[in-house]
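All remarks here apply to the structure that follows.
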Amino acid sequence: MTNSIIHIFLALVMPPLLLGVIGKTKAAFAGRVGAPFLQPYYDIFRLLHKGTVFSTTTTWIFRAGPLVALATAAVAALLIPFGAHPAPISFQGDMILYAYLFALGRFFTMAAALDTGSSFEGMGSAREATYSCLAEPTLFFALITLSRLSGSYSLSPMLVNISFGVWLDSGAALLMLVGGMFIVLLAENCRIPFDDPNTHLELTMVHEVMVLDHSGPALAIIHYAAALKLFVLGAFFVHLALPYATGNPYLDWVLFIISMLELAVVVGIVESVMARLRLIRIPQLLVAATILAAFSTLLVIR
Amino acid sequence: MFSVLQGVCDPALVALVAALVIGCSGIPGLFLRMPGLGQLCATVTTILAALAGLPAALMLLFSSATSTYILSWGLPFGLCELTIDPLSAFFLIPVFLVAAAGSLFALGYWPAAEHPSTERGLTFFYGILASSMAILVTARNGVFFLMVWEIMALSAYFLLATEHEHEDVRRAGIVYLIATHTGSAALYVLFSLLASQSGSYLLPAAGSLSALPPAAMVIATAAFFGFGAKAGIMPFHIWLPSAHANAPSHVSAMMSGVMLKMGLYGIFRTLTFFHDPPLIWGAVLTVAGISSALLGIAFAVAQRDMKRLLACSSIENIGIITTGLGVAMLGISSQNAPLAYLGMAGALLHILNHSFFKPLLFLGSGVIIHATGTRNMNLMGGVAKGMPKVAFLFLIGSIAICGIPPLNGFVSEFLLYFGLFSQLQTSSLVYLVLLAPLLALVGGLAVVAFTKLYSSVFLGTSRSHGAVHPHEAGLTMLLPMALFALLCLLVGVMPQWALRLVAPAIASFMPLVSDIDQTNYVLILNRISMMTLILCAVAIAAALFWRWRLGYARVTKTSTWGCGYQRSSSRMQYGASSFSEMAVSVFNGIIRQKITRPALKGLFPEATTCDDKPSETLLERFVLPLCTVAGVSFTFLRRLQHGQMHVYMIYIFATLFVLMLWAH
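Chains A and B are the protein sequences, given in the same order.
For the first sequence, numbering that gives the first Met the number 0 gives the first residue as 0, with consecutive numbering after it.
For the second sequence, numbering that gives the first Met the number 0 gives the first residue as 0, with consecutive numbering after it.
Structure follows, in structure tokens:
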């Protein structure tokens, strides 16, 4: 029970911090002081108090977009284990629900973007549609590998099972999985090299351009949902790449928080040292990620 | 209601009578002078008959009883048995449901007052089609089965050729007719071989034939060809897109929602005859299924015609069902009860689900085409403002068909996924799990196809210049759609009940799975339904929170942000083709799209047009050239076809005489 409460508390409170850490890392690389760690919280708080502008073109779909995106990310957060602690809700087959929840959120985000009738937002959702359908098989290859390694059909045992012992046994498979999933993590959360959240040119964006017309509290919800999605996918990734566990429940929570922050720093470093890819290169990289994950699957089921 | 019915008479009789009544429903209209009265009469009759037939079918399904009636038909093909077992009863559900809903829809969509010349025939053949499908699933005599099959195929042809003054429609009709009769030819082989195996034209009992002799292999192949052509499994799908696109929408709903399932029913039924099927049968079905699913949805992504997109997605869904069936067959062959159960449950539930959301979408497309006057999605847009109710119902259908939670499509795909994953720890069928990423790709492409469809039709602003002001559809059109949407929601929110619906049909013909413990699966589906509720609760909480915040600051309404550009027009929107262009370019090998781009010259190029057209690779590259070659090389036979009736009768007489001599 305590663990569930901590789990929900972390999922509610911590996501924007990751964005703060990424920003700070990028600032450090650029030689700036950078915004404070808590800046994303201030932004969300500020947006919640702002007025809203609705386009006259839009219908209720436009308003449903942010809400569904938030709800799906929140439910996915309930399914994913944080660190060595199992998730509050876990049942056989929950990994399939986990994968499809994001599809629901994406459907509504894309529909909300297209509801405005803006060509920029149409561009963004066309890109999102293509990239995400290429990223989908990678996640399933990862789930197959993990399910085979752990002998279970549920996310919690699957992910908690990964330890340094498993790394020693099937290191090659896990290494390729980490590579593939890192690419998917960046692509799904629209980070560099797939998308630049800070670019000023609408023509080149993916996720940010889809939410151009959202303002005020809706934009706050979108920012928060995006941070939550990064947090949830990040928690999945951290299990693969940094499977620390001590056995002490409280120490494990601390370790989980530290490893999430490490992940944020790594994302920040990638964003600092890389440029955005050309749009036509992105599908190639995503297919490469799928092949990596497929290799890891073949290695464990052969 | 059940017990009252039971008291009155046998539910199987009720179902059969209901089927016959639906078949006769169009007859009064042929003789009534007043337009519209016949249609109304047919609709009322069909709905009443379906209201009697549906509970009867459900009762038969749950009682797991088999009732048999014998039709005394006086033909020399043995007994003509009409039997309803749980599998038949299961397939009766979509027949009655879609027939009644489509009939009600036709009142508003194809009113006799507006279509005086075609309405009578449409209503008549609609009833015949529904009735023949209901009787088909009860037919247990091979010859009778073929007769009903032909009636079904021909009535579907007449329905689809309703608007035969258009060339497209005639062409689609011819392609359909050729495809369905090629399939029928395979069925003649199938039933003659079956008769030679079992000694009578009565269909063999479940598990009575051995799969070992070579004849069994031929039977299975013939069934795959003949029934696969009707179901639209790749590569026999060539007739499907144009036929569905050119039929009136409630007919498309019937064809896609029910008639394709008759092909699947045939495959299911044929497979029940054999015990211990070899692994290769399951493998062939699985491979055919997954390639249908992948290619079907890839074609759907490239379409710009709304109904063609829906038709291609039917190929995808049939593919998913066939994959489930193939997986189940693999489970049966390898004595793996969980795999057989999950594959079959996924396949059967997807049949039911597809007959909920596909008619919903086809009926919706009918309303939209009625309102906008085009099928081209590139010319639509902004329909949601004029018809918010249709937009809402269509959204439910679109989400359901993508297989996204919390609607019904997810449940059946979940069962299939779970079946695939459950093989991970075994040693024999472990590679089966590689289907899961392919299915995920199919799901991802389905999201592309249906966001494209939904957004280009309903969202944004209208892209055409025609002053079309769509208005909300009438109650007769909304009610059937609402019914299907409700069913999609119900199955999605309470999947454990849906599983009970398919369980008897599975148990009836798979002795292997009869002793499997279902409680585990019911428990899992319970959890999914709980997660659905949590999802809704979180969304509602977020909505309330947002409303609360909206009240604290100014809300203004203005035009869409054009990134500083002030004179944006509706033609600048992303259209349907531009939305899918990138996905199509990535899957360039599978999907081919002919894009004719204008060559722009000089600083001030003149006005020009850009055109895109998805090409049907298989039909255009292989089938049509083959038909041309066949046509040229058999021209000498056309001398026999000259339109003189008496010579034709001589042909028939001579053939009969020769056959009699041969038999003697």
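Ideal Cβ positions, reconstructed from N, Cα and C, are used throughout, including at glycine.
_I'd like to confirm the pairing. Which residues does DSSP put opposite B/Ala138 in its beta bridges?_
B/Leu81
*Could you please give the first and the last residue of the uninterrupted alpha helix (DSSP H) stretch that includes B/Lys306?*
Met305 to Ser332
*asked:* On the DSSP letters alone, give me the boundaries of the alpha helix (DSSP H) that A/Thr51 sits inside.
replied: That residue, A/Thr51, is in no alpha helix (DSSP H); its beta strand (DSSP E) goes Thr51 to Ser54.
*How should A/Asp114 be labelled, buried or exposed, when 16 other C-beta atoms within 10 angstroms of its C-beta is the threshold for buried?*
buried
*My guess is that B/Ile92 and B/Leu31 are in contact by the Cβ rule of under 8 Å, so how many angstroms apart are they, rounded?*
In fact, because the Cβ distance is near 31 Å, the residues do not count as touching under 8 Å.
*Return no unless some Cβ of chain A is closer than 8 Å to the Cβ of B/Ile651.*
no
*Who are the near neighbours of A/Ser295 in its chain, counting only those whose CB is closer than 6 Å to its CB and skipping five residues on each side?*
Thr144, Ala172, Met175 and Leu176
_Per DSSP, cross-strand counterpart(s) of B/Gln592_ = B/Pro613
*In chain B, which residues lie less than 9 Å from A/His48 when you measure between Cβ atoms?*
Arg548, Tyr551 and Ala552
*In angstroms with no decimal places, state the Cα-to-Cα distance between B/Met328 and B/Ala542.*
46 Å
*Nearest chain A C-beta to B/Gln640 closer than 8 Å, yes or no?*
no
*B/His353 to A/Ala27 span [Cα, whole Å]*: 54 Å
_Residue(s) in a DSSP beta bridge with B/Ile69_ = B/Glu80
*Where do the ends of the alpha helix (DSSP H) carrying A/Val205 lie?*
A/Val205 -> no alpha helix (DSSP H), and no H or E assigned at all.
*Where do the N-terminal and C-terminal ends of the beta strand (DSSP E) with B/Val554 fall, by residue?*
Val554 to Thr557
*If B/His249 sits next to B/Phe104, beta carbons under 8 Å apart, how far is it from one beta carbon to the other, in whole angstroms?*
5 Å
*Based on the DSSP output, what are the partners of B/Ser209 in its beta bridges?*
B/His274
*Would a check of beta-carbon distances place B/Met581 closer than 8 Å to chain E?*
In the structure shown, chain E does not exist; the protein chains are A and B.
*Expressed to the nearest angstrom, what Euclidean distance is found between the alpha-carbon atoms of A/Gly50 and B/Val554?*
6 Å
*Nearest-angstrom Cα distance between A/Ala29 and A/Ile161?*
36 Å
*Can you list, in chain order, the residues of its chain whose CB lies under 8 Å from that of B/Cys609, leaving out five sequence neighbours each side?*
Ile594, Thr595, Arg596 and Pro597
*Residue span of the alpha helix (DSSP H) that contains B/His353, given as start and end*: Ala336 to Thr371
*How big is the Cα-Cα spacing for B/Ser455 and B/Val366?*
15 Å
_At the level of alpha carbons, what is the spacing between A/Gly121 and B/Arg638?_
58 Å
_Given B/Ala252 as reference, the closest of B/Gly630, B/Ile403, B/Ala41 and B/Phe361 once Cα atoms are compared_ = B/Phe361
*Mark B/Lys556 as exposed unless 16 or more other C-beta atoms lie within 10 angstroms of its C-beta, in which case mark it buried.*
exposed
*Rounded to whole angstroms, what's the CA-CA distance from B/Leu452 to B/Asp9? Just pull it up for me.*
45 Å
_Please list the terminal residues of the continuous alpha helix (DSSP H) segment that includes B/Asp514._
No alpha helix (DSSP H) contains B/Asp514, which DSSP labels as neither H nor E.
*In terms of alpha-carbon separation, which member of B/Gly225, B/Leu239 and B/Gly342 lies closest to B/Ala282?*
B/Gly342
*Bridge partners - A/Phe236, DSSP secondary structure assignment*: Looking at the DSSP assignment, A/Phe236 forms no beta bridge with any residue, so it has no partner.
*Would you report the Cα separation of B/Thr373 and B/Arg307, rounded to the nearest angstrom?*
13 Å
_Proximal residues, the stretch 96 to 113 of chain A versus chain B, C-beta separation under 8 Å_ = Leu96, Ala98, Tyr99, Leu100, Ala102, Leu103, Arg105, Phe106, Met109, Ala110 and Leu113
*Length of the line joining the Cα atoms of B/Ala466 and B/Ala370*: Only weak support exists for where B/Ala466 lies, its pLDDT of 46 falling under 50; the coordinates are left without a value.
*Counting only the same chain and skipping the five closest in sequence on each side, list residues whose C-beta sits under 7 Å from that of B/Ala287.*
Ile232, Met233 and Thr321
*So with Cβ pairs under 8 Å, would you call A/Cys189 a contact of chain B?*
no
*asked:* Rounded to whole angstroms, what is the Cα-Cα separation between B/Gln422 and B/Leu511?
replied: 17 Å
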